[in-house]
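A short write-up of the structure that comes next.
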Amino acid sequence: LDGETAFLGVSPEQLFSLRGRALSTEALAGTRRRGGTDADDAQLGAQLLSSDKDLREVLAVRDFLTEALAEACETISHSEPFLLTQKHVQHICLSFNATLKSTETRAQPATGGKAARRG
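For the sequence shown, the working numbering gives the first residue as 93, with consecutive numbering after it.
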């Protein structure tokens, strides 16, 4: 950026966190509204987690992120799909943890491309 331009976005998932060589990120796919009652909420969440379309979507994102990070990481692990519940909606979420091969690795978020080595 040129010092006068800024990128601002509002996304419910964490793009990434990097602490030393420890990288964590999240991927969201599929969205349902929240229910009016706890029972409705649970039913909508269960429908989301059993939706073939939404599960295929989150698994495609999982595969993309795993491939994108593979070159720059020693280890990569991810959670099973779970519900991320917010005030008005709920999403299918995957959390990722990885160990970079080097602190000289530049990790780019999912929408920015593959992880790359500096230099």
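Here a beta-carbon is modelled for each residue, glycine too, at the ideal position from N, C-alpha and C.
Can the beta-carbon of residue i be found closer than 8 angstroms to that of residue j?
i: residue 182; j: residue 104; result: no
i: residue 140; j: residue 124; result: yes
i: residue 193; j: residue 164; result: yes
i: residue 112; j: residue 195; result: yes
Report the three-state DSSP secondary structure of residue i (helix, strand or coil).
i: residue 195; result: coil
i: residue 105; result: coil
i: residue 163; result: coil
Give me the DSSP bridge partner(s) of residue i.
i: residue 182; result: 124 and 177
i: residue 115; result: 110 and 190
Work out the CA separation of residue j and residue i for me, nearest whole Å.
i: residue 115; j: residue 152; result: 20 angstroms
i: residue 169; j: residue 127; result: 32 angstroms
i: residue 157; j: residue 109; result: 14 angstroms
i: residue 135; j: residue 171; result: 22 angstroms
i: residue 122; j: residue 96; result: 35 angstroms
i: residue 129; j: residue 119; result: 27 angstroms
Inter-stretch contact (C-beta, 8 angstroms, three-pair minimum) for the region 149 to 163 and the region 186 to 196: The region 149 to 163 and the region 186 to 196 touch, with no fewer than 3 CB-CB distances between them shorter than 8 angstroms.
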